[in-house]
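UniProt numbering puts the sequence shown at residues 1 to 528.
Everything on this sheet refers to the single structure shown next.
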Amino acid sequence: MVNGFVLFNGLVYSSFKPLVRAEAMVVVGDRVVHVGNESRALKIADALGLEEVDLKGRVVMPGFIDAHVHLDSIGINLATLDLRGVGSIEELKNKLREYVKSVKARWIMGRGWDQELFRERRWPSRFDIDDVVSDRPVMLVRVCGHAAVLNTRAMELTGLLNAADRDVVRVEVGNATGVIVERALDRVEELVRDSYTLDDYREFMMNAMRYAASLGVTTVGFVSADLKSLQSLIMLERGLGKLPTRVRAYLNPFDHGIDVIELLRQLGIRAGFGSQYLRINGIKVIADGSLGARTAWLSRPYNDDPGNSGRPNYSFDELMSIARRSSEVGLQLAIHGIGDKMVETILDIYSRLGNAQVLRHRIEHASVLREDLIKRVRELGIALAVQPHFVITDWWVVSRVGADRARYVYPFKTLIDNGVMLGFSTDAPVEPLNPWETVYAAVTRGCHEGIELCRYTENEKVSVADALHHYTYGSAYLLREEDELGKLEPGYLADFIIIDKDPLNIDEKELRNVKTLETYIGGQRVYP
């Protein structure tokens with residue numbers, strides 16, 4: 001008897017661009033072998049002795065491919081204090097006060113606050129946190145992941161309290177506020193992660209992958225992966241034989257003093273090295289900051305902070321060196337660039353490399369894009385990993401960049417119309433991992449929530465079919481696997497989900513309420 005099954009009596013979306021609907025799908029082993037007419041599919045199943053699965057009118061579509069997530073942070077975040085949506089510093093303190101009662105870990109960790117939501121209209125400080133916890137180190141990371149507030153104990157332990165560091169925020173008289181950004185935050189996160197064991201990491205990774213599968217995400221681009229995370233994933237795959245989701249890793253260029261690019265060169269590892277479940281794709285570089293922390297590098301100053309244009313995290317020569325060395329050994333680059341000046345610099349670098357399109361180098365986020373930059377992205381054939389839910393979360397962005405630049409912010413429809421390949425993603429845990437929240441944001445642009453950016457950029461709404469295409473095939477393209485993932489056509493891997501509604505036949509307000517009922521990877525059910 002052949003190992004496989006037929007799905008019938010439902011609706012199968014095998015592709016969203018072109019839009020292809022079918023009545024049934026046949027899976028043999030880990031591959032799709034037929035998509036089409038129900039009677040034909042049942043005849044194939046009968047001839048091969050396959051199991052017959054009645055969909056009872058439900059909908060099948062390719063599994064979501066999230067091109068840009070922080071898998072380790074998702075796992076850690078599931079085990080830490082969730083501060084998303086907190087409306088005041090007092091509320092933050094109350095949540096922290098309750099949380100510490102049940103936490104025994106040395107470091108108290110939380111994430112998700114946004115000072116733009118606070119009634120106090122200010123950033124939190126170490127003194128706020130000291131009011132709740134003063135004897136144990138505390139770090140609460142902003143929703144964007146580019147800023148955090150530490151209590152005094154944490155500032156002392158890390159040596160940042162009196163450090164002369166531009167990434168340690170101070171008041172005019174010189175006292176540290178407890179807020180840190182960018183590289184200072186990177187160093188503290190590295191210190192905290194060092195306290196976790198490999199067993200801790202395996203648990204974080206497993207929880208994150210299972211959570212992704214429960215939401216219908218079948219493949220992730222794991223960016224900013226450190227060597228400890230990679231080691232834990234290798235150990236999990238070795239022990240289990242396969243992972244709950246497919247993982248494509250983009251490693252940090254440096255890790256605890258290790259030159260990762262040189263290490264991969266010596267090992268002969270190039271993009272795509274690994275198994276069907278776990279592969280090393282390339283190198284991720286965080287080249288600037290975020291709009292929320294006002295550290296993204298803009299070509300003109302921030303509208304609400306006229307003395308500040310943000311800044312790069314690397315000099316041009318430093319970034320060029322990383323890019324050239326990565327390209328020379330056949331590693332795909334995924335460079336984070338949010339501000340338009342940073343995107344311009346990345347494009348300058350990619351144009352000098354000469355092989356950017358061959359290796360399919362990417363730009364992550366590309367949040368502020370002038371028309372001339374869109375033209376250059378198209379001409380160079382650069383793919384972009386974008387996060388539509390930023391449109392809703394960054395509800396303050398018009399005041400940040402000014403009305404005259406609002407049209408440059410998250411211009412998804414313009415990019416699609418110009419033939420730029422987009423891969424949709426969440427940057428989770430920065431944004432919710434639930435893909436239907438992202439689809440909703442791409443289609444509505446926050447107009448139903450009264451998001452100010454919608455008034456300026458309603459023309460950048462995308463269709464549901466386009467959103468689903470770029471969340472499946474588009475992201476597979478970014479991962480260089482569009483010949484096996486992102487569609488349900490004969491020969492493709494049988495990575496699919498069964499959902500409770502037809503997303504192309506419901507009101508757009510209902511998109512965020514679509515539920516994943518079952519998730520399959522390689523023809524095997526991984527959820528529930």
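Note that the Cβ used here is the ideal one computed from N, Cα and C, for glycine as well.
The DSSP assignment places complete alpha helix (DSSP H) segments of no fewer than 4 residues inside the stretch 239-319 at 260-267, in order along the chain. Rounded to the nearest angstrom, the gap between the Cα atoms of T245 and T219 is 6 Å. For G239 and L278, the gap between their C-alpha atoms comes out near 13 Å. By the Cβ test, the stretch 479-490 is in contact with the stretch 29-42, since at least three Cβ pairs between them sit closer than 8 Å. Minimum Cα-Cα distance from G75 among the listed residues V53, S232, F412 and V12 corresponds to S232.
In this structure, the alpha-carbon of D199 lies about 10 Å from that of L236.
The beta carbon of E482 lies closer than 7 Å to those of Y473 and A476 in the same chain, with the five residues before and after it left out.
CA-CA distance, F254 to S73, rounds to 18 Å.
Less than 9 Å separates the beta-carbon of A383 from that of R362. In this chain, P435 is not harboured by any beta strand (DSSP E); it is covered by the alpha helix (DSSP H) spanning P435 to T444.
For D54, the uninterrupted beta strand (DSSP E) segment begins and ends at E51 to D54.
Its chain contains S232, M235 and L236 as the residues whose beta carbon lies nearer than 8 Å to that of R202, once the 5 sequence neighbours on both sides are disregarded; these appear in chain order. Residue pairing of P503 in beta bridges, as defined by DSSP: absent, with no partner found.
Residue environment analysis places E190 among the exposed positions, since fewer than 16 neighbouring C-beta atoms fall within 10 angstroms of its C-beta. Under a 10 Å Cβ-count criterion, R166 is classified as exposed, with fewer than 16 other Cβ atoms of the shown protein chains found around its own Cβ. Distance from the Cα of A296 is smallest, within the candidate group G268, V368 and P306, for V368.
Non-local beta-carbon contacts of R407 in its own chain, meaning distances under 7 Å to residues more than five positions away in sequence, involve Y456 and T457 in chain order.
With a cutoff of 9 Å on beta-carbon distance, R378 and D304 are scored as not near each other. Membership of G10 in any alpha helix (DSSP H) is not indicated, and neither H nor E is assigned to it by DSSP. Rounded to whole angstroms, the separation of the alpha carbons of L117 and R97 is 20 Å. Under the three-state reduction of DSSP, V132 is assigned to coil, being neither helix nor strand. The three-state secondary structure of V391, taken from DSSP, is helix. Counting only runs of 4+ residues, the alpha helix (DSSP H) found wholly inside the stretch 194-221 occupies 198-214, in chain order. Nearest to V69 by alpha-carbon distance, out of G523, T158, P435 and V464, is P435.
Per DSSP, A79 lies in no beta strand (DSSP E) and is assigned neither H nor E. In the DSSP assignment, E449 falls outside any beta strand (DSSP E) and carries neither an H nor an E. Looking at D317, E508, L422 and I498, the one whose alpha-carbon comes closest to that of R58 is I498. In the structure shown, the three-state DSSP call for R58 is coil. Annotated three-state conformation of A164 is coil, per DSSP.
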